[in-house]
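Here is the structure we will look at, set down as structure tokens.
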Amino acid sequence: MNRSAVWHGGLALGIALLVACSSEPSQRVLRVWHFWSEPAQERAFRAIIAEFERQHRDVRVELVPLQWSDGKAKLQIALASSNPPDVVQVGAEWIAEFAPALLPLDRKFDGLLDSAFASIGIRADDSVRRAVPWTVNARVLFVHQSLGIDSTASWEELVARIGGFHAPPERVGLGLCTSDPHNVLKRVLPWIWAAGGHLLSTAPLSASADSTLDGALEHVRELIPFAVVEQSRHLDARLRRGQIGAVLSGVWMLADSAVCRAYRVLPVIPHCSGSRGESILSGDCFAIARRAANQHDARAFLAYVADWDHAARFCQAVPDAGFPAFRPPSKQALDSLLVRAPQWRPAYAQTRNARLLPPVPWFLDAEQIVEAQLAEFLYGRQNPQETRALLRRQLAKLEGARAVAAHQESITPYQSARAAVGR
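Per my numbering, the sequence shown starts with residue 95, numbered consecutively.
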């Protein structure tokens, strides 16, 4: 074969390949920013993404994993830019803050959600859905089997049993949290609610620091002599060793067989008369950026993931994700998720009984105030009345600062009020 024939043959092959490639439909890129960045989480999430791509062959999903340490700040910057990601994962507590940058969604999702979780993702001031909750979770109450109490126990019985278990340094009766941002609230505030306090249950937040808080903190003070006050990781380490009588912790602890042998989970927290024994409801949601370049495929993605089976499969693979936010299609579907250990069923009941915190845009600033004052109380540096007075005054100051800031044209929805409050 001469050189000319080879050259012409190669040219023909190249042209054929170009024609073949050009005949394939080009893929649209869908950019998704998410916080499922730990290896097991990302593997499980990528499996769901792969299924979506198989069903939508003209779409290629570009995943950007975020870290909890700085991911929220990155989202704030990205959503305020002219080129934001199309789909973002946001915490249930962030909806009010991010709402101006999120696309309003069809209320058709409401019918897919469990009624206990349907309010997550809806902006309170205009009743517009800005995000779809995918998974939900709460800190649930683990009690040592030797305490012999269940959810019918009274507050007084709880205090007595915790006191009987307390034998430091080998055993401590109760675990309370401090010096651990976001976790102080989740592991302490439910005890205040169980004791009859209204703190952070209504807006304005300053009004929730009312007279009920005095009595609630007095009840909580009954527990402090039998409590250890530590960061979450130390409390969970005690839980794994069976050295703590009662503690609020995450459902990820149910993946530990030693914990399941030594502890039961209660569907409600033992509480004073008139209270409900609620924990704090949290959740991870998906939303579409208002300025998203690919809104069409972003809507298709939300419609795809808004499904019990997808969320349940993810929760099976990632225990710390919690539970699907959707109505189970059948009793069998729910049972298959909760059969992993006997404690999963009361943990699910506790999550459905949990309370969503008021969705105000400056909640994270308020959280810092509350956690700082609760730490002072837990360490005995101020009494219940002083704690309530300081909380009411500082929360009112924050609310006033944010009200002024909201009328200033230069402020964005993501700026903090810390400078205005002067903390």
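Each residue gets a CB set at the ideal place from its N, CA and C atoms; glycine is no exception.
Computed from a predicted structure; not experimentally measured.
For S302, the secondary structure class from DSSP, reduced to helix, strand or coil, is helix. Closest in C-alpha terms to A448, from the list H128, F139 and R233, comes R233. Here R393 is actually not in contact with P178; their C-beta atoms are around 16 Å apart, not less than 8 Å.
When C-beta atoms of the segment 232 to 247 are compared with those of the segment 354 to 370, three or more pairs fall below 8 Å, so the two segments count as touching. For A381, no alpha helix (DSSP H) run applies; the uninterrupted beta strand (DSSP E) run containing it begins and ends at I374 to I382, by DSSP.
The three-state secondary structure of H365, taken from DSSP, is coil. Contact between D391 and L197 does not hold, since their C-beta atoms are separated by about 13 Å, which reaches or exceeds 8 Å. Here T229 carries a strand assignment [DSSP, helix/strand/coil]. Here DSSP, grouped into helix, strand and coil, assigns W127 to strand. DSSP, read as helix, strand or coil, puts R434 in coil. For S369, the closest of Q183, G494 and S248 by C-alpha to C-alpha distance is S248.
Your pair N231 and G344 checks out as a contact, with CB atoms roughly 7 Å apart and the cut at 8 Å. Membership of E136 in the alpha helix (DSSP H) is indicated by the continuous run P133 to Q149.
Burial state of D220 is exposed, judged by a 10 Å Cβ sphere holding fewer than 16 other Cβ atoms.
Between the segment 191 to 207 and the segment 371 to 386, the count of C-beta pairs closer than 8 Å reaches three or more; the two stretches touch. Looking at the DSSP output, E470 sits in no beta bridge, so it has no partner there. Take the alpha-carbon of F203 and the one of E316: they are about 44 Å apart. For P423 against W438, the beta-carbon gap comes to about 18 Å, at or over 8 Å, which does not count as contact. Only residues of its own chain outside the window of five on either side were considered, and among them A186, L207, F211, I214, G215, G377, D378, C379 and A419 have a CB closer than 8 Å to the CB of P227, listed in chain order. Pairing G267 with A321 gives a Cβ-Cβ distance under 9 Å. In the DSSP assignment, V353 falls outside any beta strand (DSSP E) and lies within the alpha helix (DSSP H) extending over S351 to A356. In the structure shown, the three-state DSSP call for E156 is strand. Looking only at D308, L458, H313 and R224, the smallest Cα-Cα distance to E250 is reached by H313. For G185, DSSP records a beta bridge to D378. By the C-beta criterion, the segment 463 to 479 is judged to be in contact with the segment 296 to 315, since at least 3 inter-stretch pairs fall below 8 Å.
Counting only the Cα atoms, A297 lies some 16 Å from A495. Put simply, of L450, R487 and R332 the residue whose alpha carbon is nearest the alpha carbon of Q467 is R487. Counting the other CB atoms within 10 Å of its CB gives Y442 a total of 16 or more, which places it among the buried residues. Rounded to the nearest whole angstrom, the CA to CA distance from I463 to S302 is 14 Å. A288 and Q337 have their C-alpha atoms roughly 23 Å apart. For R255, the secondary structure class from DSSP, reduced to helix, strand or coil, is helix.
Considering only W346, V126, A144 and A172, the residue with the shortest C-alpha distance to L157 is V126.
A405 has its alpha-carbon roughly 29 Å from the corresponding atom of L294.
For F395, the uninterrupted alpha helix (DSSP H) segment begins and ends at Q389 to V399. For E465, no pairing in a beta bridge is given by DSSP.
Under the criterion of beta carbons closer than 8 Å, V155 and I143 qualify as touching, at roughly 5 Å.
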